[in-house]
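Colleague: Residue numbers for the sequence shown follow full-length UniProt numbering, beginning at 1 and rising by one.
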Amino acid sequence: MAEHHYDVVVIGAGPSGEGAAMNATKHGKRVAIIEDKATVGGNCTHWGTIPSKALRHSVKQIITFNTNQMFRDIGEPRWFSFPRVLQNAQKVIGKQVKLRTQFYARNRVDLINGRASFVDKNRLEIRGSKAVEHIHFKQAIIATGSRPYLPPDVDFRHHRIYNSDTILNLSHTPRTLIIYGAGVIGSEYASIFAGLGVKVDLINPTSRLLSFLDDEISDALSYHLRNNGVLVRHNEQYEKVEGDDHGVVLSLESGKKIRADAFLWCNGRTGNTDSLSLDNIGLVPNGRGQLSVDEHYRTEVENVYAAGDVIGWPSLASAAYDQGRSASSDIVKDEYFRYVSDVPTGIYTIPEISSVGKTERELTEAKVPYEVGQAFFKDLARAQITGDAVGMLKILFHRESRQILGIHCFGDQAAEIVHIGQAIMNQEGEANSLNYFINTTFNYPTMAEAYRVAALNGLNRIF
């Protein structure tokens, strides 16, 4: 049996694993990264962020072609099947895998394919397709990510019942679709399928969509989903899901029954910890397979860290990369360690949503004297030019100090636009001020100009 020795071993080659491995190797550590899939990239690249956002982009292009009158000179509106649209996503996945594989080779990180399990606090057993290896390590970082939570009373082996991973294997375009779970993933897929002309029932177990968002933004999402043909049903819990040769019937605890051609489960995720033999090192995950860490990403075992979706919140690829890098920063003791708490929200529905900082509800409950500045995209020259006039930018600021407290954006390019506000919010002292947007000249016409318009709108409310 082969045995190898490393300073740092990273389990999982997704965003958090990549961030951890790259930072450690650049500080002179001998690093190995272990991946149980055939290619690197993790769930983000293969089943989550990359394919879903590539799908969304393609669908948005189709919507633009079918609704823009200018294109009628070229031809009539066209219908595209789900498998056809998915082809573009597969191309992007291939490019991402190639790029990220090169990162490991160029930075001399040993990439080991196999399933890792802990033998003790300094050894891992790696079971590959051809051999079993033992790896000795000084520090380990668990970055195994997550997978869809699958309740045992739903038959996911049925050919018409999918989860947010297996939906990418859908080989046809259903006429009707039930999506259970109206979180980020469920809302994004509702937008995607509605954009392809599918009649969607979105079942929300809670009282409102994405309740962590600012109420006005959540309401806007609800309106535009309905406007695009999505039927949203709130406060509904499933009783049973039954599939047959012709469709799926969802029975709800309220007594309602809904039938559709296919069913998509998007309600919760589970950490990938069940095969790690964590009991050998004294670690116990919670009921969702997630690990607890301190503010340095250390688990209860001194030399074992964890980062990314496997630790729960915020379960975003953007945060996972920084969490992994910070975990290895704690190991190498560099100057860049930070506990990742300033995380912008990016939700790729149609239209797009992004926010950072406090919501109006949070500020009101905390009795903070804030004011609001708004800019509506329909009034911006750039949005009128592009035809993407749906949306708004909202700045929340302290009415006395003018400190920026929250940025909330809904509409085309929202996930890009929010970063301008985030940059100012992160400035220290008086540099974080609404005055920056009032006293700065923005290119014209741009979407960034929304900040100037919103700032002046908010300034007019102060007396």
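Glycine included, C-beta positions come from ideal geometry on N, C-alpha and C.
By DSSP, does S275 sit in helix, in strand, or in coil?
Modeller: Correct three-state label for S275: coil.
Colleague: Select from I192, L250 and A182 the residue whose C-alpha is nearest the C-alpha of V232.
Modeller: Among I192, L250 and A182, the Cα nearest to that of V232 belongs to A182.
Colleague: Find the nearest neighbour of F410 within the set M425, V390 and Q422, judged by alpha-carbon distance.
Modeller: It is V390 whose Cα lies nearest to the Cα of F410.
Colleague: Do the segment 236-256 and the segment 146-160 meet, that is, are 3 or more Cβ pairs less than 8 Å apart?
Modeller: Counting Cβ pairs under 8 Å, three or more are found: they touch.
Colleague: Locate the beta strand (DSSP E) running through D201, then write down its first and last residues.
Modeller: From DSSP, the beta strand (DSSP E) with D201 extends over K199 to I203.
Colleague: Among T270, Y297 and H296, which one has its Cα closest to the Cα of P285?
Modeller: Of T270, Y297 and H296, the residue nearest in Cα terms is T270.
Colleague: Go ahead and pull the three-state DSSP assignment for D322.
Modeller: It is helical.
Colleague: Touch check for the segment 61-71 and the segment 92-99: three-plus C-beta pairs under 8 Å?
Modeller: With the cut-off at 8 Å, the segment 61-71 and the segment 92-99 do not touch.
Colleague: Less than 9 Å between the beta carbons of A54 and V8, yes or no?
Modeller: No, the pair does not count as a contact, with Cβ atoms beyond the cut-off.
Colleague: Does the distance from the C-beta atom of E35 to that of Y321 stay below 9 Å?
Modeller: Not closer than 9 Å, so no.
Colleague: Might you give, ordered along the chain, the residues of its own chain that have their beta carbon closer than 8 Å to the beta carbon of N280, omitting 5 neighbours on each side?
Modeller: Around N280: S117, F118, V119 and D120.
Colleague: For G186 and I178, what's the separation of their Cα atoms in angstroms?
Modeller: Going by the C-alpha atoms only, they are around 10 Å apart.
Colleague: Taking C-beta to C-beta, are I50 and V40 nearer than 9 Å?
Modeller: Result no, Cβ atoms of I50 and V40 do not sit closer than 9 Å.
Colleague: Assuming T176 and V198 make a contact with CB atoms under 8 Å, what is their CB distance in whole Å?
Modeller: Yes, they are in contact, since the Cβ atoms of T176 and V198 sit about 7 Å apart, within 8 Å.
Colleague: Give the straight-line distance between the Cα atoms of Y370 and I353, rounded to the nearest whole angstrom.
Modeller: Roughly 22 Å between the two C-alpha positions.
Colleague: Opposite N163 in the DSSP bridges: which residues?
Modeller: In the DSSP output, where bridge partners are listed per residue, N163 has W265.
Colleague: Just to confirm before moving on: does the CB-CB distance between Y297 and Y238 stay below 9 Å?
Modeller: No, these two residues do not count as a Cβ contact at 9 Å.
Colleague: Just confirm the distance between the C-beta atoms of Q422 and V372, as a whole number of angstroms; I'd bet it's less than 8 Å.
Modeller: Their Cβ separation, rounded to whole angstroms, is 18 Å, which puts Q422 and V372 out of contact at 8 Å.
Colleague: Among the residues of its own chain, which have a CB less than 7 Å from the CB of Q323, if the five just before and after it don't count?
Modeller: The answer, listed in chain order, is S16, Y297, A307, G308 and V340.
Colleague: I need the boundaries of the beta strand (DSSP E) containing I407, first residue and last residue.
Modeller: Segment I404 to G411, the beta strand (DSSP E) holding I407.
Colleague: H57: which of L86, N228, S277 and K256 sits nearest, CA to CA?
Modeller: The candidate whose alpha carbon is nearest that of H57 is L86.
Colleague: Just mark D73 as buried or exposed, buried being the case when its beta carbon has 16 or more other beta carbons within 10 Å.
Modeller: Exposed: under 16 other Cβ atoms inside 10 Å.
Colleague: Would you check whether the ligand PLP has a heavy atom nearer than 8 Å to the C-beta of N122?
Modeller: As presented, the structure is devoid of all ligands, the ligand PLP included, so that no description of it is given.
Colleague: Compare the Cα-Cα distances from G145 to each of G312, E302 and I350 and report the closest residue.
Modeller: Here the closest residue by C-alpha is G312.
Colleague: How should W265 be labelled, buried or exposed, when 16 other C-beta atoms within 10 angstroms of its C-beta is the threshold for buried?
Modeller: Buried.
Colleague: Quick test of the definition: if touching needs 3 or more C-beta pairs under 8 Å, does the segment 250-262 touch the segment 198-212?
Modeller: Counting Cβ pairs under 8 Å, three or more are found: they touch.
Colleague: If contacts are defined as beta-carbon pairs under 8 Å, then A143 and I11 qualify, I think. What distance do you get, rounded to the angstrom?
Modeller: About 6 Å; that satisfies the 8 Å criterion.
Colleague: Quickly, what does DSSP pair V343 with across the bridge? List them, please.
Modeller: In the DSSP output, where bridge partners are listed per residue, V343 has none listed.
Colleague: If I'm right that I347 touches E188 with Cβ under 8 Å, what's the distance once you round it to whole angstroms?
Modeller: Their Cβ separation, rounded to whole angstroms, is 7 Å, which keeps I347 and E188 in contact under 8 Å.
Colleague: Who does P148 pair with in a DSSP beta bridge?
Modeller: According to DSSP, P148 bridges with R269.
Colleague: Classify E232 as helix, strand or coil using the three-state DSSP reduction.
Modeller: A small fix is needed here, since residue 232 is Val in this sequence, not Glu. Looking at V232 - three-state DSSP - the assignment turns out to be strand.
Colleague: Hey, quick one: how far does the beta strand (DSSP E) through residue 464 stretch, first residue to last?
Modeller: With the chain covering 1 to 463 only, the question about residue 464 has no answer from this structure.
Colleague: What residues in its chain sit with their C-beta under 8 Å from that of F156, if we drop five residues either side in the sequence?
Modeller: Excluding residues within five positions, the ones whose Cβ falls inside 8 Å are L150, Y162, N163, T166 and W265.
Colleague: Just the Cα atoms here: how many angstroms apart are I424 and H234?
Modeller: Those two C-alpha atoms are separated by around 37 Å.
Colleague: By the DSSP assignment, the beta strand (DSSP E) with L434 in it spans what residues?
Modeller: Unbroken run through L434: none, as it is neither H nor E.
Colleague: Is it the case that the Cβ atoms of H135 and R147 are separated by a distance below 9 Å?
Modeller: Reading off the sequence, residue 135 comes out as Ile, not His. No, the Cβ-Cβ distance between I135 and R147 is not below 9 Å.
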